[in-house]
């Protein structure tokens, strides 16, 4: 019962992600400016916030993902060229115009701990401003990342770690399907200097700007995208309805 109450406390006030990403398709990179807003669900003030950063789980041979792969007799990460790996570079984390101190956990390189300037009061809402770059890994590690002329984008943005039973719960990426973050509202925009095709489990909002893509979704657990440099999807009609057939699954 306590678990359900903890999860529900986050749901009382929505978690909102507003993400603007500049796609560098050739170099498998995305420069991101992101706002993350949420309300303190605890019964006491919070002085620290934890973020899940699974994009950084491909950054070295010492991450929980790499260690788990060895346990499963999979050495692809360990023998791969560094150019095939992925990582996150944090530019700045701030709130209310003040830059915040942050660090990665020693044994969980895909978890970020943020120290607030002032405690976040009970029921108080905060907006974090996150400036970072992600380098996408080779998709052969987990199925997500760069695969030939396609990017399969999942578990990519900085997300609020789960909070229940009055404490943070930080789950590293070990290549299982359970992405342990809360449902949230998403608004995602991408720009690119290259003509691309982008498909998502979010709603596509038509943009009048060239090479500009706009998506939104309400109470989604994650935002997934398939990005291609050319049209690799077959479109056909069934009962006068447009159907798009893709070679990659987008979860809902």
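Numbering (this note's numbering), first residue to last: 753 to 1004.
Every residue gets a Cβ at the ideal spot worked out from N, C-alpha and C, and that includes glycine.
Check your understanding: Where do the ends of the beta strand (DSSP E) carrying residue 885 lie?
Key -> Your numbering for residue 885 matches position 133 in the chain shown. Start and end: 877-887.
Point to revise | Exposed unless 16 or more other CB atoms sit within 10 angstroms - verdict on residue 864 | key: As a first step, residue 864 is located in the chain shown; it is residue number 112 there, counting from the start. Buried, since its Cβ has 16 or more Cβ neighbours within 10 Å.
Point to revise | Segment limits, beta strand (DSSP E) that includes residue 940 | key: Within the chain shown, residue 940 is the residue found at index 188, counting from 1. Note, residue 940: beta strand (DSSP E), 936-944.
Check your understanding: Does the Cβ of residue 959 lie closer than 6 Å to at least one heavy atom of the ligand NAP?
Key -> No copy of the ligand NAP appears in this structure; indeed no ligand is present at all.
Exercise for review: Output the distance between the C-alpha atoms of residue 796 and residue 877, rounded to the nearest integer angstrom.
Suggested key: Start at 1 with the first residue of the chain shown, and residue 796 comes out as number 44. Start at 1 with the first residue of the chain shown, and residue 877 comes out as number 125. Using only the alpha carbons, I get a separation of about 13 Å.
Exercise for review: Starting from the Cα of residue 967, find the closest Cα among 939, 767, 807 and 978 and give me that residue.
Suggested key: The residue labelled residue 967 in the question sits at position 215 within the chain shown. Taking only the C-alpha atoms, the option nearest residue 967 is 939.
Practice item. Check whether the segment 782-796 touches the segment 844-853, taking contact to mean three or more Cβ pairs, one atom from each stretch, closer than 8 Å. Key: no
Check your understanding: Is the Cβ-Cβ distance between residue 788 and residue 885 less than 7 Å?
Key -> Taking the first residue of the chain shown as 1, we reach residue 788 at position 36. Taking the first residue of the chain shown as 1, we reach residue 885 at position 133. For residue 788 and residue 885, no; Cβs fall outside 7 Å.
Practice item. Would you check if there are 3 or more beta carbon pairs closer than 8 Å linking the segment 893-906 to the segment 915-924? Key: no
**Study point:** Cβ neighbour criterion (16 or more within 10 Å) applied to residue 841
**Key:** For this step, residue 841 is matched to residue 89 along the chain shown. Exposed: under 16 other Cβ atoms inside 10 Å.
Point to revise | Buried versus exposed, by CB contacts within 10 Å (16 or more), residue 953 | key: Taking the chain shown and counting its residues from 1, the one referred to as residue 953 is at position 201. Buried is the call here.
Review point. Would the beta-carbon of residue 950 fall within 7 Å of that of residue 977?
Key: Numbered from its first residue, the chain shown carries residue 950 at position 198. Numbered from its first residue, the chain shown carries residue 977 at position 225. Yes, the Cβ-Cβ distance between residue 950 and residue 977 is below 7 Å.
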